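**Q**
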Amino acid sequence: MGGGQEQEGEGGKKAGKDAGEHSVEVDVTLDELAEILGEELALPDIQNRGKSRLKNTKDRYVGIRRVGPDSLLHFRRTYREALKRMIASKTFVPNNPSVVPVPEDKRFRSWKTQTEPAANAVIIYMMDVSGSMGDEQKEIVRIESFWLDTWLSRQYKGIESRYIIHDATAREVDRETFFHTRESGGTMISSAYKLCSQLIDDHFSPDEWNIYPFHFSDGDNWSMDDTLACVDLLRTKLLPRVNMFAYGQVESPYGSGQFIKDLREHLGQDERVVTSEIRDKEAIMNSIKDFLGKGK
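Counting in my numbering, the sequence shown runs from 528 upward without gaps.
#1: Which ranges does the beta strand (DSSP E) cover as unbroken runs of at least 3 residues, wholly within the region 709-776, from first to last along the chain?
#2: Going by the DSSP bridge assignment, what does glycine 661 pair with across the sheet?
#3: Name, in chain order, the residues that DSSP records as bridge partners for methionine 812.
#4: With 16 as the cutoff for other CB atoms within 10 Å, does methionine 826 come out buried or exposed?
#5: Which of helix, strand or coil does DSSP assign to glutamate 671?
#6: Helix, strand or coil: which one does DSSP assign to histidine 793?
#7: Could you check which residue in Arg689, Arg636 and Leu819 has the C-alpha nearest to that of methionine 771?
#8: Given this structure, state the Cα-to-Cα distance separating leucine 766 from arginine 702, to the nearest angstrom.
#9: Can you tell me which of Ile686, Trp749, Phe706 and Ile738 puts its alpha carbon nearest to the alpha carbon of aspartate 694?
#10: Would you identify the three-state DSSP class for alanine 695, choosing helix, strand or coil?
#11: Between the alpha carbons of valine 800 and serine 711, how many angstroms are there, rounded?
#12: Measure the beta-carbon distance from isoleucine 692 to valine 656 and round it to whole angstroms, keeping in mind my assumption that it falls under 8 Å.
#13: For glycine 784, write down the residues that DSSP places opposite it in a beta bridge.
#14: Taking a contact to mean a Cβ-Cβ separation below 8 Å, would you say aspartate 745 touches serine 724 in this structure?
#15: With distances taken Cα to Cα, identify the nearest neighbour of arginine 603 among Tyr720, Arg634 and Lys808.
#16: Under DSSP, the alpha helix (DSSP H) around tyrosine 606 begins and ends at which residues?
#17: What does DSSP give as the partner residue(s) for serine 803 in the beta ladder?
#18: Report the three-state DSSP secondary structure of serine 550 (helix, strand or coil).
#19: Leaving out five residues on either side along the sequence, give the residues of the same chain with a beta carbon under 6 Å from the beta carbon of leucine 722.
#20: Determine whether the beta carbon atoms of tyrosine 606 and alanine 648 lie at a separation below 8 Å.
#21: Is serine 598 buried or exposed, if buried means 16 or more other CB atoms sit within 10 Å of its CB?
#22: With a threshold of 16 other CB atoms inside 10 Å of the CB of tyrosine 720, please say whether the residue is buried or exposed.
#23: For phenylalanine 706, collect the residues of the same chain with a Cβ closer than 6 Å to its Cβ; drop the 5 residues on either side in sequence, then sort them by chain order.
#24: With C-beta atoms as the reference, is histidine 742 less than 8 Å away from methionine 653?
#25: Which partner residues of lysine 633 appear in the DSSP bridge assignment?
#26: Return the CA-CA distance between arginine 593 and arginine 681, expressed in angstroms with no decimal places.
#27: Would you mind working out which of Asp747, Tyr739, Leu726 and Pro740 sits nearest isoleucine 716, comparing C-alpha positions?
#28: Just the Cα atoms here: how many angstroms apart are lysine 821 and tryptophan 674?
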């Protein structure tokens, strides 16, 4: 009994007498997260530019009628009618103000189903999955895409996400494949921009959709010729049809970082093009503000 020795707890760690760290778990909805994000980064609400292909139906109360189910009884109007009747018939006693409605006094809400446009948007994520984009870079993109999805989902009730990966060629994939694919080939960014343009052609009319392409890479591209092809695709195919085009360059020990410089040189004056350098995870919030801070 009394040896005075500290006893080890689970995992081989000795039990101590100092207070430990405490955490409190709080349930927060994605909408609340988006609100926190918007307040923290002072993000403006987004201006809808699509014609809203999607429709919502809502039941709205549009008036008062004399018949209806008890579930739609309008108590205030019913008692008002009863009071008017009793005053007119001189049965209302001010010293004993009791109002008793009769069936003729009853008033009911009338309602109508109305169809309203629902703003809709598509986020087209593109990412370089060539050998120079490692797990750390993809994790940064994954975290940033979560916050982008969260904010845009709060702005638009009808939202879709599509995913394009590329090295020397591009293909559309699902979300899981998007974040867990790594290729060993080179990089031709224009292949992703061509496929993005084709997706818009086939599925997302700019008259009906708010379109947000987000491209992430480490700044490597196959050649200057391909970079110029990207600039041409942006000018002629993408920018005329999208709300904004966002390019996020994730710092990598293997990437040249050149592409963002070329974009800024050729398209730096175009307000539809937003670029951001993401050096590490600490830079994610500033990058989101770069992308969403103009409310487009």
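Each residue gets a CB set at the ideal place from its N, CA and C atoms; glycine is no exception. Every value quoted in this text rests on a predicted model; they were computed, and no experiment measured them.
**A** This is what the structure gives:
#1: 737-744
#2: Answer is none; glycine 661 lacks a bridge partner.
#3: Answer by DSSP bridge pairing: none, since methionine 812 is not bridged.
#4: Outside the displayed span of the chain (528 to 823) sits residue 826, for which this structure offers no information.
#5: Note: glutamate 671 maps to helix in three-state DSSP.
#6: Histidine 793: helix per DSSP, three-state reduction.
#7: Comparing Cα-Cα distances from methionine 771 to each of Arg689, Arg636 and Leu819, the minimum goes to Leu819.
#8: 24 Å
#9: Trp749
#10: coil
#11: 29 Å
#12: 5 Å
#13: According to DSSP, glycine 784 bridges with nothing at all.
#14: no
#15: Nearest neighbour of arginine 603 by Cα position, chosen from Tyr720, Arg634 and Lys808, turns out to be Arg634.
#16: 602-615
#17: Its beta-bridge partners are Gly775.
#18: Unreliable placement is indicated for serine 550, whose pLDDT of 41 sits below 50; no coordinate value is reported for it.
#19: Excluding five sequence positions before and after leucine 722, the CB atoms of its chain that fall closer than 6 Å to its own CB belong to Ile691 and Ala697, given in chain order.
#20: no
#21: Serine 598 should be labelled exposed.
#22: Buried.
#23: Lys665 and Arg669
#24: It is a contact, given that the beta carbons lie within the stated cut-off.
#25: Bridge partners of lysine 633: none, in fact.
#26: The alpha-carbon atoms of arginine 593 and arginine 681 are separated by roughly 40 Å.
#27: Asp747
#28: 16 Å
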